[in-house]
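Q:
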Amino acid sequence: MVIGIDYGNVTLVNTQSEPTVVGVPVVYACRFSGAKAGETLFNQPAMEEVMNICSEYATVSESSINIKNEGVAIGYNISLIQTAFNLADPVGTCSLKSLKGISSHYK
Numbered sequence: 015m016v017i018g019i020d021y022g023n024v025t026l027v028n029t030q031s032e033p034t035v036v037g038v039p040v041v042y043a044c045r046f047s048g049a050k051a052g053e054t055l056f057n058q059p060a061m062e063e064v065m066n067i068c069s070e071y072a073t074v075s076e077s078s079i080n081i082k083n084e085g086v087a088i089g090y091n092i093s094l095i096q097t098a099f100n101l102a103d104p105v106g107t108c109s110l111k112s113l114k115g116i117s118s119h120y121k
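Everything in the sequence shown is counted per the working numbering, starting at 15 for the first residue and increasing by one.
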C-alpha cells in the first residue's frame with residue numbers, strides 16, 4: 015500500500031460510467047504500490063505531514079522500492095510507538111457520560 019501527497023495536474027475522465035483519475039501523481043502512486051507484502055510506504059510529503067502532526071506517536075524508517083525502468087526510489091515506513099498509547103482502558107478518553115450526552119441529543 016502507498017500513502018502519498020502529490021502535486022501536479024490530473025484529469026478526471028469518465029470511462030464506462032466510472033470516474034478515473036489520470037496523471038503523473040497517479041502513475042507514481044501505482045509504481046509505489048509495488049511495495050513488499052504487508053508494507054505501507056509513505057512518500058516524503060506524506061511522511062513529513064504525519065510527523066508534523068503526531069511525531070510523538072510514530073517513528074520513521076527509510077525503505078526503498080525498485081521502480082521498473084527508473085531505478086530505486088525512497089519511501090518511508092511509519093510505525094506506531096506502542097508505549098505512547100495507554101491501552102489498559104480502551105474507553106478511557108470516551109467516557110460513558112459523554113456517550114450518553116450524544117445519544118440523548120439525537121432522540
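We put the beta carbon where it would ideally sit given N, CA and C, even for glycine.
Could you tell me the boundaries of the alpha helix (DSSP H) in which Glu-32 lies?
A: It is not in any alpha helix (DSSP H) - Glu-32 instead sits in the beta strand (DSSP E) that spans 32 to 37.
Q: Where Gln-30 and Gly-37 are concerned, what is the direct C-alpha to C-alpha distance, given to the nearest angstrom?
A: When rounded, the distance between both Cα atoms is 19 Å.
Q: Pull up the CB-CB distance for Ile-19 and Phe-46, whole angstroms please, since I reckon it's below 8 Å.
A: No, Ile-19 and Phe-46 are not in contact; Cβ-Cβ is about 12 Å, not under 8 Å.
Q: So what's Phe-76 in DSSP terms, helix, strand or just coil?
A: Note that residue 76 is Glu in the sequence shown, not Phe. If DSSP states are grouped into helix, strand and coil, Glu-76 belongs with the strands.
Q: Check each candidate in Phe-56, Glu-32, Ala-49, Val-35 and name the one with the smallest Cα separation from Lys-82.
A: For Lys-82, the nearest C-alpha among the options comes from Ala-49.
Q: Shortest alpha-carbon distance to Ala-98 belongs to which of Ser-77, Val-27, Gly-89, Ala-72?
A: It is Ala-72 whose Cα lies nearest to the Cα of Ala-98.
Q: For the beta strand (DSSP E) that Asn-125 lies in, which residues bound it at each end?
A: Because residue 125 is not part of the residues shown, which for the chain are 15 to 121, the question remains open.
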